[in-house]
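Participant: Numbering of the sequence shown is given in UniProt numbering, commencing with residue 1 and proceeding in unit increments.
Beta carbons are placed, not taken as given, at the ideal position from N, Cα and C, and that holds for glycine.
Note that the structure is a prediction, hence the values are computed from the model and not measured.
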Amino acid sequence: MTPTFDKIHFKFKLNGNTYDAEELKEVAYSLVKEGAYYEQVMGDFLMDWLDTKDYIKVRTSGSTGKPKLMMVSKQAMVNSAIATGNYFNMEPGQRALLCLPTHYIAGKMMLVRAMILGLELDFVDPTSQPIFDYGQTYDFSAMIPLQLKNTIDYIYNIKTLIIGGASISKPLEDAIQGLETKIYATYGMTETVSHVAVKAMNGKDKMNYFTVFPDVTISQDDRGCLIIDAPKVASEPLITNDVVTIHSDTEFELIGRVDNIINSGGVKLFPEQIEAKLANKIKERFIIASKPDQDLGEKLILVLESDKNTVDTKIFNGLDKFEVPKKIYVIPQFKETATGKIQRKGTLKLLGNDLL
Numbered sequence: 001m002t003p004t005f006d007k008i009h010f011k012f013k014l015n016g017n018t019y020d021a022e023e024l025k026e027v028a029y030s031l032v033k034e035g036a037y038y039e040q041v042m043g044d045f046l047m048d049w050l051d052t053k054d055y056i057k058v059r060t061s062g063s064t065g066k067p068k069l070m071m072v073s074k075q076a077m078v079n080s081a082i083a084t085g086n087y088f089n090m091e092p093g094q095r096a097l098l099c100l101p102t103h104y105i106a107g108k109m110m111l112v113r114a115m116i117l118g119l120e121l122d123f124v125d126p127t128s129q130p131i132f133d134y135g136q137t138y139d140f141s142a143m144i145p146l147q148l149k150n151t152i153d154y155i156y157n158i159k160t161l162i163i164g165g166a167s168i169s170k171p172l173e174d175a176i177q178g179l180e181t182k183i184y185a186t187y188g189m190t191e192t193v194s195h196v197a198v199k200a201m202n203g204k205d206k207m208n209y210f211t212v213f214p215d216v217t218i219s220q221d222d223r224g225c226l227i228i229d230a231p232k233v234a235s236e237p238l239i240t241n242d243v244v245t246i247h248s249d250t251e252f253e254l255i256g257r258v259d260n261i262i263n264s265g266g267v268k269l270f271p272e273q274i275e276a277k278l279a280n281k282i283k284e285r286f287i288i289a290s291k292p293d294q295d296l297g298e299k300l301i302l303v304l305e306s307d308k309n310t311v312d313t314k315i316f317n318g319l320d321k322f323e324v325p326k327k328i329y330v331i332p333q334f335k336e337t338a339t340g341k342i343q344r345k346g347t348l349k350l351l352g353n354d355l356l
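1) Any idea which residues DSSP pairs Met70 with across the strands?
2) Specify the secondary structure class of Ser194 as computed by DSSP and reduced to three states.
3) Can Leu100 and Gly107 be called in contact, C-beta distance under 7 Å?
4) Taking only the alpha-carbon atoms, compute the straight-line gap between Ile152 and Asp44 and give it to the nearest angstrom.
5) Quick check on DSSP: helix, strand or coil for Met77?
6) Could you pull the start and end residues of the beta strand (DSSP E) that Gln220 belongs to?
7) Exposed or buried, Thr310, counting other C-beta atoms within 10 Å across all chains shown (16 or more means buried)?
8) Span of the alpha helix (DSSP H) holding Ser30?
9) Spatial neighbours of Pro325 within its chain, please: C-beta separation below 8 Å, excluding the five flanking residues on both sides.
10) CB-CB under 7 Å to residue 390, same chain, minus the five flanking residues each way: which ones, in chain order?
11) Between the region 183–201 and the region 224–236, do at least 3 Cβ pairs fall closer than 8 Å?
12) Kindly indicate which three-state DSSP category Thr240 falls into: helix, strand or coil?
13) To which residues of the same chain is Gly346 closer than 7 Å at the C-beta, ignoring the five residues directly before and after it?
14) Taking only three categories from DSSP, how would you classify Arg285?
15) Please report the straight-line C-alpha distance between Ile82 and Lys349, rounded to a whole angstrom.
16) How many angstroms separate the CA atom of Ser306 from the CA atom of Asp259?
17) Relative to the C-alpha of Leu238, which candidate in Thr190, Gln273 and Leu254 has its C-alpha closest?
18) Could you work out which residue in Leu146, Lys277, Asn353 and Ala166 is closest to Asp320 when comparing CA atoms only?
19) Going by CA-CA distance only, name the one from Tyr55, Trp49, Lys268 and Ile282 that's closest to Pro171.
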């Protein structure tokens, strides 16, 4: 029988303590009144989760547009927690680490998984370099790529780690090979109540493509963008702006965002593909973008986050001729979301009249 959102698993623990629903309400109230800011946010979510409404309000991260407030079904969140638990063979009494902010769906879902699946959840300050008990074994945790990068020497006792919020760069992917921790990239969004697909990034089970969870069906629209039909977490099929190649009924490859496509002289270019080719050649953060051009329509550019004004153009060796940026811009700091993902449009606005 599927658990319901108004029940808390009897094996659930929060920082080592067992709570039923009424006791957890008191904890939530205490966090709101007396906790640090990240604890206040967590307390607010717990109080919302434990009230009588069958939905909660969740704010999107704003990586592809302005953040917006959505109403999300609590039962959909329960169904998502069960799907993750089934995929990763999670069992009551296992230990999990929460080091994500609970402003957004990813952090909220760590709490929901713990309450529904009966996990012993430890939470810490969700900084870009979270500090946790490096001697404690954790069966499961979730991070953004920046947290993984900053704690890569300390995750040896985390058995399974899922990564979301942004893509894993090629240098970071290379760095996690050989680690005993099983690391998975995730695909999902607020609308799908966290992830609906995962991709093993290291170890003997490393995957080439994202694999969707059971009960999730994928297809494409006429733009080549992914359509997700996940009735247990979303009431209707979701049409995304992610261009994909579908390799089987359950596997897909991310190509790039349709709203990022650059049409330069009639040639369609995906910034994400070019960025992947340059990832091991540029140490600083960067994006491939475009600016208006009278002859080409759009001219390919490289925007680099750096204090230096010079770039060795040898880094472009190996690119197709249409993929070589026609101009390089350098700015000291990119615009980013709260989860550390680069805001492409916001970053380009920093260039001001240079883009005209």
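Facilitator: In brief:
1) Val58
2) strand
3) yes
4) 31 Å
5) helix
6) Thr217 to Gln220
7) exposed
8) Taken as a continuous stretch (DSSP letters only), the alpha helix (DSSP H) holding Ser30 covers Ala21 to Glu34.
9) Ile288, Leu300, Ile301, Leu302 and Phe316
10) Residue coverage of the chain in this structure runs from 1 to 356, which leaves residue 390 outside it and unanswerable.
11) yes
12) DSSP places Thr240 within a strand segment (E or B) once states are collapsed to three.
13) Lys335
14) Assigned with DSSP and collapsed to three states, Arg285 falls in coil, not helix or strand.
15) When rounded, the distance between both Cα atoms is 41 Å.
16) 26 Å
17) Thr190
18) The shortest Cα separation from Asp320 among Leu146, Lys277, Asn353 and Ala166 belongs to Lys277.
19) Ile282
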